[in-house]
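Here the structure is laid out as structure tokens; the discussion comes afterwards.
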Amino acid sequence: MSRFHKLVIKSVTRETPDCVSLAFEVPAELREVFSYQPGQYLTLRREHQGEELRRSYSLCSSPLDNEWRVAIKKVPEGRFSTLAVDDGLRPGDTLDVMPPQGRFTASLHPTQTKSYALFAAGSGITPILSIARTILLTEPASRVYLVYGNRGRNSIIFKEQIEGLKNKFVQRLSVFHVLSREQGDSDLFFGRLDYPKATQLLQTALPAARLDECFICGPEEMIHGVRQALTEAGVSPEAIHFELFASSGGPAKTQVARPVGEDDQKSQVTLRLDGRGYRLDMSYYGDTVLDAALAAGIDAPYSCKNGMCSTCRARVTGGTAAMDVNYSLSETEVAKGYVLTCQARPTTAEVTIDFDE
2 MSRFHKLVIK SVTRETPDCV SLAFEVPAEL REVFSYQPGQ YLTLRREHQG
52 EELRRSYSLC SSPLDNEWRV AIKKVPEGRF STLAVDDGLR PGDTLDVMPP
102 QGRFTASLHP TQTKSYALFA AGSGITPILS IARTILLTEP ASRVYLVYGN
152 RGRNSIIFKE QIEGLKNKFV QRLSVFHVLS REQGDSDLFF GRLDYPKATQ
202 LLQTALPAAR LDECFICGPE EMIHGVRQAL TEAGVSPEAI HFELFASSGG
252 PAKTQVARPV GEDDQKSQVT LRLDGRGYRL DMSYYGDTVL DAALAAGIDA
302 PYSCKNGMCS TCRARVTGGT AAMDVNYSLS ETEVAKGYVL TCQARPTTAE
352 VTIDFDE
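Quick note on our numbering: the sequence shown kicks off at 2 and runs consecutively.
This is how it looks when you write it as structure tokens:
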């Protein structure tokens with residue numbers, strides 16, 4: 002099970018007025034532990050006014066750069082991002098960092114020849130940039146099409162880095178900026194990156210029939226729209242990968258209401274973590290598994306608590322549990338018994354959940 006390590010911030014770069022990127026100094030003895038695939042993320046932890054704050058941020062660097070850099074964009078009511086962007090983190094500061102995690106990755110090989118379509122909106126560019134750069138450096142015969150949605154040019158994160166890649170790989174990288182509040186010469190690139198816009202782009206600018214793999218990162222509505230457009234254009238669902246950066250459906254975590262007239266049912270939940278076993282007495286309609294574990298003093302892994310990052314993923318090996326929402330696990334993972342413990346509650350009298358699998 003991954004644990005936090007104290008890492009020193011090597012550099013801080015202001016990318017846009019409301020976004021900074023942080024590069025970490027990873028000592029030699031932790032390089033193997035912190036090895037990563039393009040598209041993965043780091044979970045950061047810090048104390049603020051006596052409260053522990055955790056947040057996951059995607060690595061925007063490529064593993065080929067021998068760098069560990071994440072971007073933090075300020076979001077409304079985002080305490081961690083506000084502290085990072087407004088109050089300022091400085092080189093030499095120390096943060097608790099969990100080793101890289103995540104399955105939003107590309108399987109690359111130098112002999113592959115593929116066409117990739119990468120779609121990003123806002124801060125969703127962070128894992129997409131890592132994937133794009135690594136593809137271009139690893140697969141010399143592959144082609145990349147990057148579609149990036151923003152409000153205006155001033156809000157484009159990594160604008161110079163993207164232009165640098167475009168100039169370096171001019172024959173293999175096409176970049177399309179779609180701006181919702183700033184109109185350019187073509188109506189094709191004006192508006193929100195949604196289903197109609199993605200459909201229009203696939204009919205004109207992108208070779209839909211020749212796309213081998215597609216990666217999408219951004220808010221929920223954008224992901225659904227682009228996925229639908231890709232599917233209708235003939236792209237296989239198995240070739241479409243996505244990672245949600247924000248849900249449009251309101252708070253993800255709500256306590257399950259007990260049906261009228263039904264007695265509260267109890268469950269004995271066994272957790273396995275780092276080779277140890279823990280017993281919890283839980284209610285079907287009470288806390289989630291993660292909240293119950295934390296309340297019992299168990300140091301279970303977590304970050305967002307909203308069903309999006311999958312840091313709290315574990316496998317149900319006995320009994321059953323149900324999730325309120327699931328924004329990050331694939332159908333295959335769910336079929337194998339994996340749950341997001343921040344969203345899961347027991348649904349049988351006895352449940353065994355393993356964090357170590």
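Backbone N, C-alpha and C fix where the C-beta goes; we use that ideal spot for every residue, glycine too.
Keep in mind that this is a model prediction, so the values were computed, not measured.
Proximity of residue i and residue j at Cβ, strictly below 8 Å
{"i": "Leu194", "j": "Gly150", "result": "yes"}
{"i": "Tyr42", "j": "Ser57", "result": "yes"}
{"i": "Ile158", "j": "Glu16", "result": "yes"}
{"i": "Glu351", "j": "Gly319", "result": "yes"}
{"i": "Gly125", "j": "Phe246", "result": "yes"}
{"i": "Asp355", "j": "Ala315", "result": "yes"}
{"i": "Cys218", "j": "Ile129", "result": "yes"}
{"i": "Asp282", "j": "Lys306", "result": "no"}
{"i": "Ser62", "j": "Ser131", "result": "yes"}
{"i": "Val290", "j": "Ala322", "result": "yes"}
{"i": "Arg346", "j": "Tyr285", "result": "yes"}
For residue i, the first and last residue of its enclosing beta strand (DSSP E)
{"i": "Phe81", "result": "Careful: Phe81 lies outside any beta strand (DSSP E), inside the alpha helix (DSSP H) at Arg80 to Thr83."}
{"i": "Tyr196", "result": "Unbroken run through Tyr196 is the alpha helix (DSSP H), Tyr196 to Thr205; no beta strand (DSSP E)."}
{"i": "Val71", "result": "Trp69 to Lys74"}
{"i": "Gln102", "result": "Thr95 to Gln102"}
{"i": "Asp282", "result": "Arg277 to Ser284"}
Residue range of the unbroken alpha helix (DSSP H) whose run includes residue i
{"i": "Leu231", "result": "Glu221 to Glu233"}
{"i": "Arg91", "result": "Run containing Arg91: none; DSSP gives neither H nor E here."}
{"i": "Arg134", "result": "Ile126 to Thr139"}
{"i": "Thr333", "result": "Glu332 to Ala336"}
{"i": "Gln50", "result": "It is not in any alpha helix (DSSP H) - Gln50 carries neither H nor E in the DSSP assignment."}
{"i": "Ile163", "result": "Lys160 to Lys169"}
{"i": "Ala315", "result": "Ala315 -> not in any alpha helix (DSSP H); beta strand (DSSP E) instead, spanning Arg314 to Gly319."}
{"i": "Val290", "result": "Val290 to Ala296"}
Where residue i falls, given that 16 or more other Cβ within 10 Å makes a residue buried
{"i": "Pro197", "result": "exposed"}
{"i": "Arg70", "result": "buried"}
{"i": "Ala29", "result": "exposed"}
{"i": "Asp188", "result": "exposed"}
{"i": "Asn168", "result": "exposed"}
Close Cβ partners of residue i (< 7 Å) along its chain, the five nearest in sequence each way excluded
{"i": "Glu26", "result": "Leu8, Val9 and Lys11"}
{"i": "Ala210", "result": "Gly235"}
{"i": "Ala142", "result": "Thr114"}
Cβ shell of residue i (< 6 Å), same chain only, five flanking positions each side left out
{"i": "Cys310", "result": "Ser57 and Ser304"}
The ligand SAH heavy atom lying under 7 Å from the CB of residue i
{"i": "Val86", "result": "Summarising the ligand content, the structure contains no ligands, and the ligand SAH is consequently not present."}
Cutoff 8 Å: residue i Cβ touching any chain C Cβ
{"i": "Val76", "result": "Going by chain labels, chain C is absent from the structure shown, which holds only one protein chain."}
Beta-carbon proximity list for residue i, same chain, < 8 Å, skipping 5 on both sides
{"i": "Gly276", "result": "Asp357"}
Three or more C-beta pairs below 8 Å linking the segment 211 to 226 and the segment 114 to 126: The segment 211 to 226 and the segment 114 to 126 touch, with no fewer than 3 CB-CB distances between them shorter than 8 Å.
Counting beta carbon pairs with one atom in the segment 221 to 232 and one in the segment 127 to 143, are three or more of them shorter than 8 Å? Taking 8 Å as the limit for Cβ pairs, the verdict is that the segment 221 to 232 does not touch the segment 127 to 143.
Three Cβ pairs or more, each shorter than 8 Å: is that satisfied between the segment 49 to 65 and the segment 76 to 95? Contact annotation: the segment 49 to 65 touches the segment 76 to 95, with at least three C-beta pairs closer than 8 Å.
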